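Comments concern the structure below.
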Amino acid sequence: MTRIAIVGAGGRMGRMLVHAVHQDEDAELVGAVDRPGGHWVGHDAGELAGIGPIGVAVTDYAETVVPLAQVVIDFSLPDATSSVAAACQSEGVALVLGTTGLAGVEQDAIRRLSASVGVVQAANYSTGVTLLTALVEKAARALGDSVDVEIIEAHHRHKVDAPSGTALRLGEAAAQALDRDLDTCAIYGRQGAEGPRDRKTIGFETIRAGDIVGDHTVLFAGDGERLELTHRASSRSTFAAGAVRAAHWVAGQPPGLYDMKDVLGIG
Ligand code: NAD
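So that you can map any letter, position 95 of the sequence shown is 171 in the working numbering, and since no number is skipped, the others follow by simple counting.
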């Protein structure tokens, strides 16, 4: 039995996670946290998730909930990351982090935490995207500098960060395989008289519209042919299932910073 607390429990992903943990016979939901002073505080987490009352009230005080858990699953906003990491560190509790758009200071807090407990951090917890990342590495290595690499992603209109964390992770996978530095070779959107494309760049295009759960395409375009690797998520339940799988896995791991490839055993 893995004791799990969820941060961001009132959000789109948080509700899915409450559902997924509650359904899992090998997991126990020991706490649910949301934004301090937020609308969801005091509500029963199960009612928010649409599964009826489960006796776990949403609180805005992570420090009371973290000690009850073996693993915290955090899908909230970057402003929660540092305090959640600090609470996990002082209690020796593992973390599964889904929040994207972290700044350097928050990423540093995660790195520090991973020196004392197991941390899984993935921009995308779906099995399909984890496999897509591995396929992108393989394709980039095989195609080398003979193709232009472009990453196109689409998400719902409420998403706040762009490009998506998954698109950036796919870009890093391609850049690493091509021996490039993503920080210097990435081009984010194009407008006006930009001139011909430099083959050594990696382009990102972002779409924000409607209720799209998450689409990612990595395009390798050469002369006379192109390869498109696409993943489409049709339900957030795939991310929730992956995060709960990661929580069970990390509960038994030594300290370290892991990703979903490690969880699936293809790291
Ligand atoms: P959302 O806006 O629906 O939910 C976020 C929730 O976090 C809200 O309920 C909000 O009140 C709460 N929150 C905000 N600040 C908080 C704080 N300081 N402490 C505790 N709770 C706080 O967003 P969402 O669509 O559920 O996505 C949440 C995050 O997860 C985003 O960063 C998103 O990019 C990421 N995400 C990751 C994956 C993945 O597989 N890694 C998949 C989907 C979404």
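For glycine and all other residues, C-beta sits at the position ideal for the given N, C-alpha and C.
This structure is a prediction, so every number in the text was calculated from the model and none was measured.
{"Asked": "Can you tell me the Cβ-Cβ gap for V326 and V147, rounded? I've got them flagged as a contact below 8 Å.", "Found": "6 Å"}
{"Asked": "On the three-state DSSP scale, how would you describe L254?", "Found": "coil"}
{"Asked": "Take the Cβ of V134 as the centre, count every other Cβ of all protein chains shown within 10 Å, and call the residue buried at 16 or more, exposed below.", "Found": "buried"}
{"Asked": "If you draw a straight line from the C-alpha of T314 to the C-alpha of H232, how long is it?", "Found": "16 Å"}
{"Asked": "So, do the stretch 303–322 and the stretch 180–192 have three or more beta carbon pairs nearer to each other than 8 Å?", "Found": "no"}
{"Asked": "Since I believe G107 is in contact with S152 (beta carbons under 8 Å), could you give me their beta-carbon distance rounded to a whole number of angstroms?", "Found": "Between G107 and S152 the Cβ distance is about 14 Å, and since that is not below 8 Å, they are no contact."}
{"Asked": "With DSSP as the reference, please indicate the residues paired to G107 in a beta bridge.", "Found": "A81"}
{"Asked": "What number of angstroms, rounded off, separates the C-alpha of S222 from the C-alpha of R79?", "Found": "49 Å"}
{"Asked": "As a quick exercise: from G298, V94, E101, D155, pick the residue whose alpha carbon is nearest that of H119.", "Found": "V94"}
{"Asked": "Could you compute how far the alpha carbon of S310 sits from the alpha carbon of D291?", "Found": "9 Å"}
{"Asked": "Cα-Cα, which of A191, T260, R91 is closest to A162?", "Found": "A191"}
{"Asked": "Could you check the C-alpha separation between E281 and N200 for me, to the nearest Å?", "Found": "18 Å"}
{"Asked": "Roughly how many whole angstroms lie between the Cα atoms of G113 and D136?", "Found": "7 Å"}
{"Asked": "I think V339 touches V196, with their Cβ atoms under 8 Å apart; what is that distance to the nearest whole Å?", "Found": "6 Å"}
{"Asked": "DSSP beta-bridge partners for E123?", "Found": "Per DSSP, none; premise fails for E123."}
{"Asked": "When every heavy atom of the ligand NAD is checked, does at least one fall within less than 7 Å of the C-beta of D338?", "Found": "no"}
{"Asked": "Do K337 and A156 have their C-beta atoms closer together than 8 Å?", "Found": "no"}
{"Asked": "From which residue to which residue does the alpha helix (DSSP H) around E139 run?", "Found": "138–141"}
{"Asked": "In three-state terms, what does DSSP make of D338?", "Found": "helix"}
{"Asked": "What's the call for S166, buried or exposed, on a 16-neighbour Cβ count within 10 Å?", "Found": "exposed"}
{"Asked": "Per DSSP, G290 forms a beta bridge with which residues?", "Found": "A309"}
{"Asked": "If you follow the beta strand (DSSP E) that T282 is in, where does it begin and where does it stop?", "Found": "278–284"}
{"Asked": "What residue range does the beta strand (DSSP E) around L189 cover?", "Found": "Note, L189: premise wrong, no beta strand (DSSP E); alpha helix (DSSP H) at 180–189."}
{"Asked": "Do you know offhand how far G247's Cα is from V212's?", "Found": "9 Å"}
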